[in-house]
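S.K.: Before anything else, here's the structure in question.
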Amino acid sequence: MEQFVLNLTERTYGWNDYIKPLFHFYGLYYKELWGIAFITFGLYIKERRYFTGFGYLVFLILTQYIVALTYPEIRHSRYQEQCYYPLIFVACFPLIMQLGKDFRTKWQWLFSIGMFSLVVYRFVLISIEIEPFTHRVNYMHRVIETAQKMDGNKFIM
Numbered sequence: 303m304e305q306f307v308l309n310l311t312e313r314t315y316g317w318n319d320y321i322k323p324l325f326h327f328y329g330l331y332y333k334e335l336w337g338i339a340f341i342t343f344g345l346y347i348k349e350r351r352y353f354t355g356f357g358y359l360v361f362l363i364l365t366q367y368i369v370a371l372t373y374p375e376i377r378h379s380r381y382q383e384q385c386y387y388p389l390i391f392v393a394c395f396p397l398i399m400q401l402g403k404d405f406r407t408k409w410q411w412l413f414s415i416g417m418f419s420l421v422v423y424r425f426v427l428i429s430i431e432i433e434p435f436t437h438r439v440n441y442m443h444r445v446i447e448t449a450q451k452m453d454g455n456k457f458i459m
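Residue numbers (the numbering used here): 303 to 459.
Laid out in structure tokens, this is it:
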């Protein structure tokens with residue numbers, strides 16, 4: 303809570319020191335999520351459901367803003383991955399509901415293949431980029447093993 307208040311009061315939110323790095327962060331790690339969000343927004347606008355579309359987009363941006371406030375800097379971490387998990391559901395669920403009611407059989411197959419491809423793509427990205435997250439765990443295991451081999455009381459920094 304303290305970090306949240308500190309970020310809310312002390313952090314500067316200018317273009318170069320916050321907004322541009324945030325867009326870069328999303329471009330690297332969450333481009334498919336925001337692609338889905340903008341497709342959903344476009345479908346709402348196409349159906350002339352302007353209030354629902356803008357409400358959906360504002361809700362996603364506010365959710366992102368709250369998550370960004372809880373962390374002192376914009377960098378990819380396990381903590382931020384876990385904070386963004388609900389955002390993925392919130393972005394995808396309206397699209398699936400919207401498209402599911404209007405689809406013909408041919409389009410359902412294409413949509414299913416597209417969603418499956420997106421999931422496979424995400425798994426490949428996770429397997430490629432998991433190294434920094436597992437490195438710390440492996441390091442801690444080595445420290446624990448070293449400490450267990452030592453005699454007497456142990457204090458390791």
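The C-beta atom is built at its ideal place from N, Cα and C for all residues, glycine as well.
In its own chain, which residues sit with a C-beta less than 6 Å from the C-beta of glutamate 349, not counting the 5 before and 5 after it?
M.R.: none
S.K.: Below 8 Å on the Cβ atoms is my guess for glutamine 400 versus leucine 335; work out the distance and round it to an integer in Å.
M.R.: So it is not a contact: roughly 16 Å between Cβ atoms.
S.K.: With distances taken Cα to Cα, identify the nearest neighbour of arginine 424 among Leu324, Thr314, Pro323 and Leu330.
M.R.: Leu330
S.K.: Would you check if the distance between the CB atom of leucine 397 and the CB atom of isoleucine 338 is smaller than 7 Å?
M.R.: Yes, the pair counts as a contact, with Cβ atoms nearer than the cut-off.
S.K.: Using the rule of at least 16 other Cβ atoms within 10 Å of the residue's Cβ for burial, across every protein chain shown, is glycine 355 buried or exposed?
M.R.: Counting other Cβ atoms within 10 Å of its Cβ, glycine 355 reaches 16 or more and is therefore classed as buried.
S.K.: To the nearest angstrom, report how far apart isoleucine 347 and glycine 357 are at their CA atoms.
M.R.: 11 Å
S.K.: What first and last residue would you give for the alpha helix (DSSP H) that runs through tyrosine 332?
M.R.: Run containing tyrosine 332: none; DSSP gives neither H nor E here.
S.K.: Mind checking whether isoleucine 376 and phenylalanine 327 have CB atoms under 7 Å apart?
M.R.: The answer is yes: Cβ separation under 7 Å.
S.K.: Indicate the three-state DSSP secondary structure (helix, strand or coil) for tyrosine 315 in the structure shown.
M.R.: coil
S.K.: Looking only at C-alpha atoms, which of Trp317, Ile415 and Tyr332 sits nearest to glutamate 383?
M.R.: Tyr332
S.K.: Helix, strand or coil, according to DSSP, for glutamate 349 in the structure here?
M.R.: Shown here, glutamate 349 sits in coil according to DSSP, grouped into three states, outside any helix or strand.
S.K.: Consult DSSP for glycine 454 and reduce its assignment to one of helix, strand or coil.
M.R.: coil
S.K.: Would you kindly work out how many angstroms separate the C-alpha atoms of arginine 438 and glutamine 450, rounded to a whole number?
M.R.: Answer to the nearest angstrom: the Cα atoms are 18 Å apart.
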